[in-house]
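Enquirer: Before we start, here is the structure in question, set down as structure tokens.
In this note's numbering, the protein residues as written are 35 to 162.
Pasting the structure below:
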């Protein structure tokens with residue numbers, strides 16, 4: 035993972051430990067049906083105000099196809115983070131294809147509430 039050059043536009047980029055945590059939460063969100071996969075779906079959740087946080091793949095080719103999401107997320111005050119690998123994100127989402135963007139949606143009585151809150155704080159620390 036560490037050998038490849040990552041596009042400098044993909045900021046903030048999760049380190050290895052945070053990436054594992056993010057992919058774990060994404061996988062659980064998929065099990066609880068709190069996950070929207072793909073750039074278009076992530077955009078919709080942001081516009082509707084139901085996104086808890088957005089995960090983007092730093093190795094999306096070309097990266098420009100997902101660079102509207104950080105702007106929209108900042109606009110809506112939703113944390114976002116890049117993970118190094120689209121294939122790993124796809125596996126965490128429970129699909130065989132690479133996924134370049136996904137968003138975890140809110141669910142008031144959800145079992146993931148505490149984990150999502152912890153992850154949001156971790157992402158915000160990276161942005162400072």
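We put the CB at the ideal spot given by N, CA and C, even for glycine.
With a CB to CB cut of under 8 Å and the five nearest residues on each side skipped, what residues in its chain are close to residue 103?
Expert: On the chain shown, position 69 is the one that residue 103 refers to. Around residue 103: 73, 76, 77, 80, 88, 90, 114 and 135.
Enquirer: Just how far apart, CA to CA, sit residue 112 and residue 50?
Expert: Indexing the chain shown from 1 puts residue 112 at position 78. Indexing the chain shown from 1 puts residue 50 at position 16. Taking the straight line joining both Cα atoms gives about 22 Å.
Enquirer: Let me know the secondary structure DSSP gives residue 134 once reduced to three states.
Expert: The count along the chain shown starts at 1 and reaches residue 134 at position 100. Three-state result, residue 134: coil.
Enquirer: Whose C-beta lies closer than 8 Å to the C-beta of residue 36 among residues of the same chain, with five residues either side of it excluded?
Expert: For the purposes of this step, residue 36 is taken as the residue at position 2 of the chain shown. Per-residue confidence for residue 36 stands at a pLDDT of 44, beneath the threshold of 50, marking its modelled position as unreliable; no derived number is given.
Enquirer: So, for residue 146: in the same chain, excluding its five sequence neighbours on each side, which residues have a beta-carbon less than 8 Å away from its beta-carbon?
Expert: As a working mapping, residue 146 is identified with position 112 in the chain shown. The answer, listed in chain order, is 59, 62, 63, 66, 68 and 138.
Enquirer: Can you tell me the Cα-Cα spacing of residue 85 and residue 161, whole angstroms?
Expert: The residue labelled residue 85 in the question sits at position 51 within the chain shown. The residue labelled residue 161 in the question sits at position 127 within the chain shown. Approximately 18 Å, taken between the alpha carbons.
Enquirer: Name the residue from 52, 40 and 43 whose alpha carbon lies nearest to the alpha carbon of residue 159.
Expert: Sequence index remark: in the chain shown, residue 159 carries index 125 (1-based). Checked all of 52, 40 and 43; the closest Cα to residue 159 is 52.
Enquirer: Would you call the CB atoms of residue 157 and residue 46 closer than 9 Å?
Expert: Along the chain shown, one-based indexing puts residue 157 at 123. Along the chain shown, one-based indexing puts residue 46 at 12. Contact: yes.
Enquirer: For residue 57 and residue 140, what's the separation of their Cα atoms in angstroms?
Expert: The count along the chain shown starts at 1 and reaches residue 57 at position 23. The count along the chain shown starts at 1 and reaches residue 140 at position 106. Roughly 17 Å separates the two Cα atoms.
Enquirer: Check the C-beta distance from residue 129 over to residue 71 and give it rounded, since I have them as a contact under 8 Å.
Expert: Counted from its first residue, the chain shown places residue 129 at position 95. Counted from its first residue, the chain shown places residue 71 at position 37. Contact flag correct, Cβ pair sits at about 7 Å.
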